[in-house]
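**Q**
Residue numbers (the working numbering): 54 to 162.
(1) Does DSSP classify residue 144 as helix, strand or coil?
(2) Three or more C-beta pairs under 8 Å: does that hold for the region 83-97 against the region 125-136?
(3) Per DSSP, residue 90 forms a beta bridge with which residues?
(4) Quick check: the Cα distance between residue 77 and residue 157, rounded to an integer number of angstroms?
(5) Return the chain-ordered ranges of every beta strand (DSSP E) run that is complete within the region 64-129 and spans a minimum of 3 residues.
Following this line, the structure appears as structure tokens:
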């Protein structure tokens, strides 16, 4: 199984995010892509995002009917500034090194 990790603020989620996800899924042959909203971006200090609960709900609604996509709330539950490396390490502990992982990055703001 190939797993993709797609982090961002998703504040709000929009068509651009979904197009990046679709392209990544096709390019890397992903079986599953996890959207991981950040609690607080380290690149946007002082820019308070919408409440995590609202962003998670918007993501779930946007991904309805897309079974390969899922929402992971771990960064919002952890709170504080979210760093990608911490999330990648968490996934490595959970799924191990056996499952190929792809990190999806985009420059959408």
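Note that beta-carbon positions come from the ideal geometry of N, C-alpha and C, so glycine has one too.
**A** Concretely, from the data shown:
(1) Here residue 144 carries a helix assignment [DSSP, helix/strand/coil].
(2) They touch, by the three-pair rule.
(3) Residue 90 pairs with 61.
(4) The alpha-carbon atoms of residue 77 and residue 157 are separated by roughly 7 Å.
(5) Fully enclosed beta strand (DSSP E) runs of 3 or longer: 85-90, 122-124.
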